[in-house]
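Peer 1: Take a look at this one; I'll ask things after.
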Amino acid sequence: MRKSILIFSAFLSFLIIEQVKAQEKVISGTVTSKGENSMPLPGVNVVVKGTSKGVQTDFDGRYSIEASSGQILEFSYIGFTSITVQVDAITVIDVAMEESLEQLDDVVVTALGIQKSRKSLTYAAQDISAAELTKVKDVNPVNSLSGKIAGVVVNRSASGVGGSVKLTLRGNTSTRDNQPLYVIDGIPLLNNSAIQPNNSFGDIENAGNRDGGDALSLLNPEDIESITVLKGASASALYGSQGSNGVVLITTKKGKAGKFKTSFSSNVTVDQAAYLLDFNDRAQDNVDDFFDVGTTTINAMSISGGTENAQTYFSYTNTFASGVIPTHKVKKHTLNVRETAQLLDNKMKVDASILLSTQSIRNKPISGFYYNPLVGTYAFNSETENLSNYETFEEFNSERNLLAQRWFRATSDIEQNPYWILNRNASDDENQKLLASLSLQYKFNDWLTIQTRGSYDKNFYKFERKIHATTDGTLSAPNGRYLYNDVEDTQLYGDIIAILNADISESFSISANVGTSIRKSDLGKSVLLDSGVRGDLKIPNIFTLSNFVVGTTGVNPILEQRIAEQKEVQSIFASTTLGYNDLLFLDLTARNDWSSTVSDPFFYPSVGLTAMLSEIFELPESITYAKIRASYAEVGNDIQSFVNNPINTIGTGAGGLTPPTILPLTELQPETQRSFEIGTEWKFFNNRLGFDLGYYKTNTIDQFMLIDGGVAADFLAINAGDFENKGIEASITLVPIQNDNVRWDANINFAQNDNEIKELDPRLGRDFLELTPIDVNSYALLIRKGGSFGDIYGRKLRKTPGGLPIRNADGNFTQADPDQNTRGGFDLLGNANPDFALGWNNSITYKNFTLNFLIDAKFGGEVMSLTEAAVDGFGTLNRTGEVRIFDEATNAETTIPAREYYQMIGGRNGLTSEYIYDATNIRLAELSFGYNFKLQDNSFFTSITASIIGRNLFFFYKDAPYDPNISLSTANGLQGIDIFGSPSTQSIGLNVGLSF
Amino acid sequence: MKNISKTILKTAWILSLLFSSCTDDFDSLNTNPNGLTDEQSEADFISIGGPFNPIFLNIYRYDPAWNTQLQHNLNADTFSGYMAPPRPFVGGVNTTNYGFVDFWDQFPWDIPYSSTGVMQNARLVKERGEEDFPLMYALAQILRVEAMHRVTDVYGPIVYSKYGLDATFAEYDSQQEVYNQFFEELDQAINTLSTDPTNGQFAKFDLVYDGDLAQWIKFANTLRLRLAIRVSKVDPAKAQIEGEKSLSDSGGLLETNADNFIIKGGVTHPLTIFNSSWNDVRMNASMESILVGYNDPRIDEMFEISNVSAGMYKGVRGGMPLLDGYTDELDQKADYEIFSRLGDSYILDKAPTTSIQLMTAAEAYFLKAEAALRGWNGAGDAQSNYEMGISISFAQYGLSGNAAVYIADNTSTPIDYIDPVNASNNISALTTTTIAWNNGDDNETKLEKIITQKWIAMFPDGQEAWSEFRRTGYPKIFPVVANNSNGTIDTNIQIRRLPFPASERSTNPQGVAGARVLLNGPDTGGTRLWWDVNSGNF
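Line by line, the protein sequences are chains A and B.
All residue numbers in the first sequence are consecutive under UniProt numbering, ending with 996.
All residue numbers in the second sequence are consecutive under UniProt numbering, ending with 538.
Spelled out as structure tokens, the structure:
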């Protein structure tokens, strides 16, 4: 049924596009600011009143729009008083707009795509325009949010170009998922990663510590019109459980009535591996030799235009990149078609779009020790040879009559020839996304509109790795190994919402929404075919399914179907905003969910209140806007699929049966999150200075958790815990300079978050929860009562009270007071999350030149470099000089060579307290310098821009031996740690844009 | 206004209609399509037979190999004098030299209690089949005893009779209680199997005897004899009763190598991985001293000539620290990984075995030999059992022709150990006992011979070898080079157990507190288990 509606609507919209009303004419003109320093105003919204038709002025303030006589054009621009002009015979209408002394009354997109005036919001919401996102374009648009929005923490994954991204709003609340919900044009986006690593060694089963990619990296940054971030649960309560970590609302571009406009942009960056360990000279030469200079090219094209009744937006973007690790190649194509139409005297609005995206990546970088070329590169410590001698990575083996791996010493599970790995353990990722959505809106009368939307969202993630014979036996069978994994995510979403608006009396207004939605998802539905480490291929180096050795009682090969989540959530919800004289607003929402994962429906409400101080009180003239807000929300969240219904799985041998690994201790109930926030917004001096200050406190209780099941089960599933986040967010907007030639816009964002595990599990004796499990390597990520999310555990070196390392009488450096309550005796060494973050974003315009720079800073928190510890074990670091120690054999202080000391405390299972670093860092995150070409009126082009851009150029301050903003996983595990992750890159490039 | 409220009501009514009946498929949605419900697994008796598969594959875990390394290799396999790691793990302070590594020491515990372990799966067989499939339940009981005696012999008190009663707290049994239950369960199981020994319903699930229940009876009898001998010092009366039951049972004991209890998992033996891929395990110096000293031809099958001393077998001392002169673990490992590897059966590109051997017919004869020394009825003659044990073991390696000369050798003794890389590891042989039986010897000397030969025959099952070493003090294996126990373990007496595992300390603290009381001693590696009596063997 849904399919046929889609097809029908697509037909419909193509028919409509042909209709052009005869009496329309093209109105054009220039919009400038009024006054002595009159300047053209770019980006002014020009709409034909009473229709949805609208355009924006270009960089020189020019616009053109089709309208008929008698219709009214409305010109609106943030910070200026709107102007309306009636169309008559004249076809050129120039307008001079006056700067508004009144407060900004801009419109913000809120939950479910409902637009609200900013002053009525009872919670924090911050938005960012497309220009901000694409100035220094990133293949994954979400990376561009870092530092630009208060309270957003962005960690890019260590898998290079095309990798996924971790975004956290207001701290971590959940042991399951802390990523916000992404919503595109009102419809929840399916953003599930096929796989994220969580093993400090490297995942043998999945052939490496892989980042499976995410849906965000499959979006096209060019399609984004603006992004609004709703940080807290109050804002996102209407999205229900999915919105409990906040919501990122993405508004995409749509066609605008008028002449078809074509834009091209091209972006080339050159990327260099940076912030590497301090190797000794010999090793440094080898490492430098290994890394390539990477390049990224993004070419984007879009066409937009249409009639008063039907508009089209089409875009195509391709991305070609080669990474800093040789043979790493990325190809990505995205295609987007969007049709908007207004029918039945503009009563009916239709909006249909289809997004197609495909990305293929060769040798996507991984972390950990296994299948990772960086281990062999950093470990290469031959005294006589160079790493480049081993670019010839194979040699003929007469015993086997095949080409075998070649390396300067015996290979091991962790150490192989890096060029062998790149060529003979090569991997291919192929990710695709299809997103089709349709929205219909019918306006019955002044106060009632009904809207219905649906989307079909699908991700495909395909992965294969072909491992040739003579790869180490831990990682491969003697004849090689072939792993093929096909993962599909599917989400169907539909909603119907009635939107009601009314002024009840002179002073009171009411707006309300009542709706219902349904979401059905199949996530991580996969087929895994793996000839295995403990199985084999029949014939060496033939990578086909028919070459698998299939035994009857074997543990391997693995031929499996899996599904991570299969559920349906049905909801009804309502929200209402009551306004009093535009001074006070009361916001109420309620939602009830039925989820297939829990047996009972669950209900949750929110309430918020806003007062416009600047309208209630007589304030000094310098204050143009003042508002306070407060809100409280509860959000329910369902649990993981199948946990309430544990069943057996098929065992490995003939007739084998394995009982469920997860057992619910008692029937599981939904989780609850309670959050409270207050805030205030002020603007001064004609909006040249403004700030927004907020405080929030969030408690997540009765959380769904998997804990160590002791002797009862592998894992017990329970509802427990109380995780508290509280913090302060502030943003300041500032225009320090504004005159004829120069305008400097600055934006400072500050966020501080405190997380405390107030309660973990009152019923059981279990003291901790492992986010990254304790194993033989000296790193784990644990949650313990009284601790906080992201606590890093490892082994602590025994030291004197004065801080000197102690060498015992046997000549060893040993562990200090191992914590008997963590298995492995691991001690708390640090926390991966920053104490506070600061972003300072600047845009300076001088005549046709624009300079932008973003300084991004994080203060506090710790990271561990297990890479450095392991490389110390290999002895390739630059460890010169002496280290002062206390020797118990002689009971005296002494010194030993640094090289010897670090080899003794290092290694992957060494004393990692000595590899903990302050994560504080301040960096020049983005820099761009651009020029807008002045064009003649009769020029074919409407605009030409060119800019030089730089990303991640340097650190003003950094303690860690790597870029601490990189994360090995975009899930909860492996935070605050580097284990041979692909190094961060410094990028410089060129950006050219044309439109005509 | 009236219109608005009407509309809201109408909308709500329509919405409520939408929801009246569409949550019907929630139950099927919340069922994993790749799993089996209990009803679905009833076909072909999979629900009863299926749980045996994980039991077989995890008594000695097949996969992943690093689990097995921590389950048996970096503890019992080293403590037993069979093998030793060439690498001084964790900076030279690790479980092999009594510097306990919490993360390692929980694996002997965690595996049997996991979803693929024996406890959960035997319980499922009991729940589903105790009434209707008594034979199957009897087999599960035998396997549970086989698996769990290995666990209680590591830690002492374990969770056994109170298993599964409460998910949040599990009470331990003392080792004596556990052993008494073992004997009861074996009694029941042997009786049940004896009622219908030709029943074939287990055939398709059996990874050892292809469903031949008569063989299972032999195994159960031998297992009971093993356990009886184990408690012969602490509770001689009970031991004799239980032992004589086995000796007199019409089902008999393991007799030929065809009877050996060998799990045919179909996958490479995990020792292969840490022997030939990770190079984390080598021949133990004690093994070299005894096998080379005795000119034992089985050494060619069990080990490889080393690359450190031309043409010679060379073992590694157990419990090495990071020795003087080495900068780090890998540096030292580079010197020791060229010592003798385990033989072809455990080398990836040679002839890796897929069989896990947990009991041999040779052992049955050595058990009978000791039973004879202890005067148990039905044990037969000590000497002939002893010599039969050796012959059967030789036959197992295809060396039958060499057995007679070996058995008659009354001059060869274990040799002194010389470490060609670090002379500080050199140590003199601890015994001058020879191979040939001498009826004039005292029982203690005879027992040393029996246990020494049993030790060679049981290779590579270090868990059982370590238990018998603790019980009898034989064979005379070399002590650890370094002792990091802070005085809790005597270097010469050697390690008696592993401390209660960290997984239990963190998930079941109340249970562990009770277990510590049952232990009758501090929770260290130096405290003797219940059957480990500190006195002479006779």
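Cβ coordinates follow ideal geometry from the N, Cα and C atoms, glycine included.
Keep in mind that this is a model prediction, so the values were computed, not measured.
1) For threonine 312 of chain A versus glycine 323 of chain A, is the C-beta spacing smaller than 9 Å?
2) Between the Cα of lysine 204 of chain B and the Cα atoms of B:Lys264, B:Asn94, B:Asn422, B:Ile456, which residue gives the shortest distance?
3) Do you know whose CA, among A:Lys254, A:Gln815, A:Asp963, A:Tyr957, lies nearest valine 863 of chain A's CA?
4) For tyrosine 846 of chain A, count neighbouring Cβ atoms within 10 angstroms of its own Cβ and tell me buried if that reaches 16, exposed if not.
5) With 9 Å as the C-beta to C-beta threshold (strictly closer), list the residues of the stretch 478-506 of chain B near chain A in chain order.
6) For proline 33 of chain B, would you say it is in contact with chain A, using Cβ-to-Cβ distances shorter than 9 Å as the test?
7) Answer yes or no: does any C-beta atom of chain B fall closer than 9 Å to that of leucine 904 of chain A?
8) Straight-line CA distance for aspartate 292 of chain A to proline 983 of chain A?
9) Kindly indicate the opening and closing residues of the alpha helix (DSSP H) around methionine 359 of chain B.
10) Below 6 Å CB to CB, which residues in the same chain sit around leucine 537 of chain A once its five sequence neighbours on both sides are set aside?
11) Quick one: Cα of valine 47 of chain A to Cα of isoleucine 83 of chain A, how far?
12) Identify the continuous beta strand (DSSP E) that holds lysine 458 of chain A and give its terminal residues.
13) Using a C-beta to C-beta distance shorter than 7 Å, which residues of chain A count as neighbours of leucine 330 of chain B?
14) Please report the distance separating the alpha-carbon of glutamate 621 of chain A from that of histidine 328 of chain A.
15) Give a single yes or no on whether glutamate 681 of chain A has its beta carbon closer than 8 Å to a heavy atom of the ligand ADP.
16) When the Cα atoms are used, what is the spatial distance from leucine 583 of chain A to serine 614 of chain A?
17) Below 8 Å between beta carbons is the criterion; list the residues of the stretch 621-653 of chain A that meet it against any residue of chain B, in chain order.
18) Sorted by chain position, which residues of the same chain lie with C-beta nearer than 7 Å to residue 998 of chain A's C-beta, five sequence neighbours on each side aside?
19) Are the beta-carbon atoms of asparagine 753 of chain A and lysine 796 of chain A separated by less than 9 Å?
20) Hey, could you find the ends of the beta strand (DSSP E) leucine 953 of chain A is sitting in?
21) Comparing the C-beta of asparagine 53 of chain B with each C-beta of chain A, is any distance below 9 Å?
22) To which residues of the same chain is serine 9 of chain A closer than 7 Å at the C-beta, ignoring the five residues directly before and after it?
23) Against chain B, with Cβ distances strictly below 9 Å, would arginine 534 of chain A count as a contact?
24) From the beta carbon of asparagine 425 of chain A, is the nearest beta carbon of chain B less than 9 Å away?
25) Taking beta-carbon pairs under 8 Å, can you tell me which members of the stretch 264-285 of chain B lie near chain A?
26) Step through the CB atoms of chain A and report whether any lies within less than 9 Å of the CB of glycine 311 of chain B.
27) I need the boundaries of the alpha helix (DSSP H) containing lysine 254 of chain A, first residue and last residue.
28) So what does tryptophan 682 of chain A bridge to, in DSSP terms?
29) Rounding to the nearest angstrom, what Cα-Cα distance links alanine 89 of chain A and glycine 54 of chain A in this structure?
30) Using a Cβ-Cβ distance under 9 Å, would glycine 81 of chain B count as near chain A?
31) Excluding sequence positions up to five away, which residues of its chain have a Cβ less than 6 Å from the Cβ of serine 913 of chain A?
32) I need the straight-line Cα distance from asparagine 581 of chain A to aspartate 587 of chain A, nearest angstrom please.
33) Among A:Phe849, A:Phe543, A:Ile855, A:Gly906, which one has its Cα closest to the Cα of threonine 876 of chain A?
34) Skipping 5 residues on each side, what residues in its chain have a beta carbon closer than 8 Å to that of asparagine 385 of chain B?
35) Residues of chain B with CB closer than 7 Å to the CB of serine 596 of chain A, please, in chain order.
36) For asparagine 336 of chain A versus threonine 297 of chain A, is the C-beta distance shorter than 9 Å?
Peer 2: Considering the structure as presented:
1) For this step, residue 312 of chain A is matched to residue 312 along the first sequence. For this step, residue 323 of chain A is matched to residue 323 along the first sequence. No. Outside cutoff.
2) Translated into positions along the second sequence, residue 204 of chain B becomes position 204. Looking at the Cα atoms, B:Lys264 is the closest of the given residues.
3) In the first sequence, counting from the first residue as 1, residue 863 of chain A sits at position 863. It is A:Asp963 whose Cα lies nearest to the Cα of valine 863 of chain A.
4) Against the first sequence, residue 846 of chain A aligns to sequence position 846. Classification for tyrosine 846 of chain A: exposed.
5) Residues passing the 9 Å Cβ filter: Ala482, Asn484, Pro501, Ala502, Ser503, Glu504, Arg505, Ser506.
6) On the second sequence, position 33 is the one that residue 33 of chain B refers to. Answer yes: the Cβ-Cβ gap between proline 33 of chain B and chain A drops below 9 Å somewhere.
7) The residue given as residue 904 of chain A occupies position 904 in the first sequence. The identity of residue 904 of chain A in the sequence shown is methionine, whereas the question assumes leucine. Yes, because at least one Cβ of chain B sits closer than 9 Å to the Cβ of methionine 904 of chain A.
8) Counted from its first residue, the first sequence places residue 292 of chain A at position 292. Counted from its first residue, the first sequence places residue 983 of chain A at position 983. Taking the straight line from one Cα to the other gives about 12 Å.
9) The residue you call residue 359 of chain B lines up with position 359 of the second sequence. Where methionine 359 of chain B is concerned, there is no enclosing alpha helix (DSSP H), although the beta strand (DSSP E) it sits in stretches over 355-359.
10) Residue mapping note: residue 537 of chain A aligns to position 537 of the first sequence, counting from 1. Result list for leucine 537 of chain A: Asn479, Gly480, Ser531, Asn547, in chain order.
11) Within the first sequence, residue 47 of chain A is the residue found at index 47, counting from 1. Within the first sequence, residue 83 of chain A is the residue found at index 83, counting from 1. Straight-line Cα distance between these residues: approximately 11 Å.
12) In the first sequence, the residue the question calls residue 458 of chain A occupies position 458. The continuous beta strand (DSSP E) containing lysine 458 of chain A extends over residues 448-467.
13) To locate residue 330 of chain B, count along the second sequence from 1; it is residue 330. Going along chain A in sequence order, the residues near leucine 330 of chain B (Cβ under 7 Å) are Gly873.
14) The residue you call residue 621 of chain A lines up with position 621 of the first sequence. The residue you call residue 328 of chain A lines up with position 328 of the first sequence. Whole-angstrom Cα-Cα distance: 59 Å.
15) As far as ligands go, the structure on display features none, and thus does not contain the ligand ADP.
16) Translated into the one-based positions of the first sequence, residue 583 of chain A becomes position 583. Translated into the one-based positions of the first sequence, residue 614 of chain A becomes position 614. Across the structure, leucine 583 of chain A and serine 614 of chain A are spaced so that their CA atoms are roughly 9 Å apart.
17) Residues passing the 8 Å Cβ filter: Ser641, Phe642, Asn644, Asn645, Ile647, Asn648, Thr649, Ile650, Gly651, Thr652, Gly653.
18) Absent from the structure is residue 998 of chain A, since the part of chain A shown begins at 1 and ends at 996.
19) What you label residue 753 of chain A is simply residue 753 of the first sequence in a count that begins at 1. What you label residue 796 of chain A is simply residue 796 of the first sequence in a count that begins at 1. The answer is no: Cβ separation not under 9 Å.
20) Stepping through the first sequence from its first residue, residue 953 of chain A is reached at position 953. 943-958 is the span of the beta strand (DSSP E), which, as asked, contains leucine 953 of chain A.
21) Counted from its first residue, the second sequence places residue 53 of chain B at position 53. Taking Cβ atoms only, chain A reaches closer than 9 Å to asparagine 53 of chain B, which makes this a yes.
22) The residue labelled residue 9 of chain A in the question sits at position 9 within the first sequence. The predicted model places serine 9 of chain A with a pLDDT of 43, which falls under 50 and marks its position as unreliable; any figure quoted below should be read in that light. The residues are Val350, Ala352, Leu438.
23) Within the first sequence, numbered from 1, the residue matching residue 534 of chain A stands at position 534. Yes, arginine 534 of chain A lies at the interface with chain B (some Cβ there is under 9 Å from its Cβ).
24) As a first step, residue 425 of chain A is located in the first sequence; it is residue number 425 there, counting from the start. No, asparagine 425 of chain A lies away from the interface with chain B (no Cβ there is under 9 Å from its Cβ).
25) Per Cβ criterion, the list reads Lys264, Gly265, Gly266, Val267, Thr268, Ile273, Ser276, Ser277, Trp278, Asn279.
26) Counting from one through the second sequence, the residue named residue 311 of chain B turns up at place 311. No, glycine 311 of chain B does not count as interfacial toward chain A.
27) Numbered from 1 along the first sequence, position 254 holds the residue referred to as residue 254 of chain A. Looking at the DSSP string, lysine 254 of chain A is not in any alpha helix (DSSP H), and its letter there is neither H nor E.
28) Position 682 of the first sequence, counted from the start, is the residue given in the question as residue 682 of chain A. Answer is A:Ala626, A:Phe691, bridged to tryptophan 682 of chain A.
29) By one-based count along the first sequence, residue 89 of chain A stands at place 89. By one-based count along the first sequence, residue 54 of chain A stands at place 54. For alanine 89 of chain A and glycine 54 of chain A, the distance between alpha carbons rounds to 20 Å.
30) Numbered from its first residue, the second sequence carries residue 81 of chain B at position 81. No, its Cβ sits nowhere closer than 9 Å to a Cβ of chain A.
31) Residue numbering aside, residue 913 of chain A sits at position 913 when the first sequence is read from its first letter. Cβ neighbours of serine 913 of chain A beyond the five flanking positions: Lys796, Leu797, Leu829.
32) Reading the first sequence from its first residue, position 581 is the one you call residue 581 of chain A. Reading the first sequence from its first residue, position 587 is the one you call residue 587 of chain A. The alpha-carbon atoms of asparagine 581 of chain A and aspartate 587 of chain A are separated by roughly 15 Å.
33) In the first sequence, the residue the question calls residue 876 of chain A occupies position 876. For threonine 876 of chain A, the nearest C-alpha among the options comes from A:Gly906.
34) Counting from 1 along the second sequence, the entry for residue 385 of chain B is found at position 385. Apart from sequence neighbours up to five positions away, the residues of its chain that approach asparagine 385 of chain B with a beta-carbon distance below 8 Å are Tyr365, Phe366, Lys368, Ala369, Ala372, Ala379, ordered along the chain.
35) Locating residue 596 of chain A in the first sequence gives position 596, counting from the first residue. Going along chain B in sequence order, the residues near serine 596 of chain A (Cβ under 7 Å) are Phe26, Leu29, Asn30.
36) Start at 1 with the first residue of the first sequence, and residue 336 of chain A comes out as number 336. Start at 1 with the first residue of the first sequence, and residue 297 of chain A comes out as number 297. It is not a contact, given that the beta carbons lie outside the stated cut-off.
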